[in-house]
Amino acid sequence: MYPSSKYDDRHRDDRRHKHRSSGSKDSGSRDGERASTSKRTSAPAPVEAHFTHRNYMLWMLGFCVLVILAEVATIIELIVKLDDDNEKDCYYLPNTTIAALEQGNQGSLPVYHQPTQQPDPIIIHGEDYVVTEYITPTAKPPHGSNVCEGKNPGIPDVDCIVDSMANVGPQAGANVTKGYQGLMNVDYEPLLVPFYQNGLCPVNVHWHLGCEHLSVGEYDEHGIGPVAEVHEGEEGNTNAVEDTQVANTGHRKLSGGDDEVRPGFKCYLYDEHDAAFTTPYNWQHCHDMVVGETYEVHWPHSAAGACGTPNQYQSPFADGVFCRDNVLTDTTTQVGVQAQVFVVVNDEAYYYPDLFRGMIIDGTYGVDIAKYTGSTTGTTRDNKICSQYNPITWQVDRQCHLISASSFDKMCADMTAQRDDMSADMHPHGARELVVDELAANNQHRRRLRRHAYD
Numbered sequence: 001m002y003p004s005s006k007y008d009d010r011h012r013d014d015r016r017h018k019h020r021s022s023g024s025k026d027s028g029s030r031d032g033e034r035a036s037t038s039k040r041t042s043a044p045a046p047v048e049a050h051f052t053h054r055n056y057m058l059w060m061l062g063f064c065v066l067v068i069l070a071e072v073a074t075i076i077e078l079i080v081k082l083d084d085d086n087e088k089d090c091y092y093l094p095n096t097t098i099a100a101l102e103q104g105n106q107g108s109l110p111v112y113h114q115p116t117q118q119p120d121p122i123i124i125h126g127e128d129y130v131v132t133e134y135i136t137p138t139a140k141p142p143h144g145s146n147v148c149e150g151k152n153p154g155i156p157d158v159d160c161i162v163d164s165m166a167n168v169g170p171q172a173g174a175n176v177t178k179g180y181q182g183l184m185n186v187d188y189e190p191l192l193v194p195f196y197q198n199g200l201c202p203v204n205v206h207w208h209l210g211c212e213h214l215s216v217g218e219y220d221e222h223g224i225g226p227v228a229e230v231h232e233g234e235e236g237n238t239n240a241v242e243d244t245q246v247a248n249t250g251h252r253k254l255s256g257g258d259d260e261v262r263p264g265f266k267c268y269l270y271d272e273h274d275a276a277f278t279t280p281y282n283w284q285h286c287h288d289m290v291v292g293e294t295y296e297v298h299w300p301h302s303a304a305g306a307c308g309t310p311n312q313y314q315s316p317f318a319d320g321v322f323c324r325d326n327v328l329t330d331t332t333t334q335v336g337v338q339a340q341v342f343v344v345v346n347d348e349a350y351y352y353p354d355l356f357r358g359m360i361i362d363g364t365y366g367v368d369i370a371k372y373t374g375s376t377t378g379t380t381r382d383n384k385i386c387s388q389y390n391p392i393t394w395q396v397d398r399q400c401h402l403i404s405a406s407s408f409d410k411m412c413a414d415m416t417a418q419r420d421d422m423s424a425d426m427h428p429h430g431a432r433e434l435v436v437d438e439l440a441a442n443n444q445h446r447r448r449l450r451r452h453a454y455d
């Protein structure tokens with residue numbers, strides 16, 4: 001290339017002039033050529049044998065949709081098939097631990113729910129059913145240290161009366177019949193709200209053969225059950241029992257050991273003509289339990305428990321009550337026990353899956369509550385030897401209720417799943433004698449628990 005110059009400009013002008021001149025001569029022929037060229041370019045282009053980018057993306061999208069639809073159809077078909085197979089095998093109750101099959105149509109249970117023996121028929125809502133008692137095996141949480149172990153202060157029992165004067169604070173279990181008041185004057189009140197509202201959590205669950213408390217007309221000395229016992233009244237007890245059923249020792253020997261267990265009061269719900277009260281249950285976790293019998297369940301609570309941790313539940317329960325140091329400043333409002341009375345039936349209509357965690361609040365269950373201050377209980381105490389673990393709040397359901405045997409067995413299964421060994425509480429304990437009036441507090445509240453109190 002050469003540098004631009006005036007010569008170059010003139011040269012270009014000359015060429016343009018010549019081009020115009022020659023163009024005028026050939027204008028006719030070139031116009032014809034342009035016309036023919038115009039016709040050729042305006043004709044439609046032939047169909048190409050490839051896809052544009054847009055068409056390719058649409059094709060891929062459609063292909064993916066078809067693949068997804070095919071996979072969904074396969075999954076739906078598999079689910080329908082599994083449902084059909086399960087319906088042929090068995091029907092499960094909502095808790096998934098009890099398989100109930102209509103009599104004569106037992107089918108084939110899955111291996112993981114296979115019963116160990118032929119199920120026994122019981123009565124459910126007036127119809128015959130075959131019930132397979134099965135509680136899913138449980139496992140303990142990961143290994144760890146039990147921070148509550150050994151926290152029981154071991155406060156010794158003492159004489160109840162010294163020099164004709166009460167030597168201890170108020171005792172339990174007391175008479176909780178509506179209108180009753182003890183004769184021991186105290187200057188403190190029980191905790192009137194549900195325990196959780198004051199920062200207390202359950203630290204143990206255990207139960208007694210018969211009732212330690214007394215609620216006349218609900219559970220008392222005239223109650224009935226599959227085994228008759230005599231309750232020995234103590235001098236000075238205005239609720240001394242005059243039992244005329246059977247004259248025996250008033251104690252029962254359990255199959256689990258040589259110790260005799262003192263039975264407490266009974267409910268009136270037992271019916272020897274109803275199979276739900278007489279059909280044996282295949283107990284898998286609880287020990288020495290009897291269908292048709294009355295049991296009083298206790299849930300000790302504490303603000304010093306290891307609440308919300310794997311160490312929350314403890315046996316003995318005092319380890320849980322005193323687990324955290326320097327917390328308890330007022331045992332009346334920081335330590336309490338829920339108590340509820342049940343008659344065990346072999347009837348899944350009365351199944352409650354979470355008996356382990358506290359008093360049942362449902363319908364008439366857990367509504368009519370007596371609240372008073374007392375002590376720990378158990379057969380090591382009576383009206384001569386008393387507990388110094390007092391005063392603590394008791395909230396006791398005055399009514400007697402039905403509950404399925406499977407509810408208790410599920411509770412025992414939950415107990416086996418705790419970090420601490422709770423096997424010592426997986427059988428009924430003996431019942432303490434009814435506390436005499438002179439050792440019962442005069443602060444019992446008899447208002448009904450509002451239904452929304454636990455909302």
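FYI, UniProt numbering numbers position 66 of the sequence shown as 66, with every residue one higher than the one before it.
All residues carry an ideal CB built from backbone N, CA and C; glycine is no exception.
Predicted, not measured: the structure shown is a model, and the values here were computed from it.
Continuous alpha helix (DSSP H) stretch holding residue i: start and end
i      : result
Asp397 : From DSSP, Asp397 is part of no alpha helix (DSSP H) but of the beta strand (DSSP E) over Ile392 to Ser404.
Ala370 : First-last for Ala370: Ile369 to Gly374, but that is the beta strand (DSSP E), not the alpha helix (DSSP H).
Phe356 : Here Phe356 belongs to no alpha helix (DSSP H), and DSSP marks it neither H nor E.
Thr278 : Ala275 to Thr278
Asp319 : Phe317 to Val321
Alpha carbon of residue i to alpha carbon of residue j, nearest angstrom
i           : j      : result
Pro170      : Ala440 : 5 Å
Pro428      : Ile68  : 59 Å
Pro391      : Gln399 : 24 Å
Tyr350      : His298 : 19 Å
Trp394      : Glu296 : 13 Å
Cys323      : Asp288 : 30 Å
Val158      : Asn175 : 22 Å
Asn198      : Ser302 : 10 Å
Val62       : His53  : The question names Val, but residue 62 in the sequence shown is Gly. Approximately 15 Å between the Cα atoms of the pair.
residue 457 : Pro141 : The first residue shown for the chain is 1 and the last is 455, placing residue 457 beyond what the model contains.
Gly430      : Tyr365 : 24 Å
Cys201      : Ala306 : 8 Å
Ala99       : Tyr56  : Unreliable placement is indicated for Ala99, whose pLDDT of 42 sits below 50; no coordinate value is reported for it.
Glu438      : Asn282 : 44 Å
Leu191      : Leu269 : 31 Å
residue 467 : Val344 : Missing from the structure shown is residue 467; the chain here goes from 1 to 455 and no further.
Pro362      : Asp368 : First, the amino acid is wrong: residue 362 is Asp here, not Pro. In a straight line, the C-alpha of Asp362 is about 12 Å away from that of Asp368.
Val205      : Asn146 : 18 Å
Burial state of residue i, where buried means 16 or more other Cβ atoms lie within 10 Å
i           : result
His213      : buried
Gln444      : buried
Thr219      : Contrary to the premise, residue 219 reads as Tyr rather than Thr in this sequence. It is buried - the Cβ of Tyr219 has at least 16 other Cβ atoms within 10 Å.
Ala73       : exposed
Thr329      : exposed
residue 459 : Any property of residue 459 remains undetermined from this structure, which presents the chain solely from 1 to 455.
Ser375      : buried
Asp409      : buried
Trp59       : exposed
His208      : buried
Cys64       : exposed
Ala70       : exposed
The beta strand (DSSP E) enclosing residue i, as first and last residue numbers
i      : result
Phe342 : Val335 to Val345
Val297 : Thr294 to Ser302
Leu209 : His206 to Leu209
Among the options, the one whose alpha carbon lies nearest that of residue i
i      : options                           : result
Arg262 : Gly210, Asp271 and Gln284         : Gly210
Cys286 : Asp414, Val147, Arg432 and Ile75  : Asp414
Val227 : Met57, Ile79, Thr294 and Thr309   : Thr294
Ala139 : Ala417, Asp319 and His208         : Ala417
Phe342 : Gly292, Ala370 and Asp319         : Gly292
Val203 : Asp425, Leu434, Thr278 and Val436 : Asp425
Val436 : Leu183, Arg419, Thr376 and Pro300 : Leu183
Gln388 : Ala275, Asn185 and Thr331         : Thr331
Lys151 : Lys371, Val327, Gln284 and Tyr180 : Val327
Lys178 : Asp409, Gly320 and Asp397         : Asp397
Arg357 : Ala318, Asp274, Asn346 and Tyr313 : Tyr313
Met165 : Pro353, Ala276 and Asn383         : Asn383
Pro300 : Ser406, Met359, Glu189 and Gly144 : Met359
Assumed close pair residue i, residue j - CB separation to whole angstroms, cut-off 8 Å
i      : j      : result
Ser315 : Met422 : 4 Å
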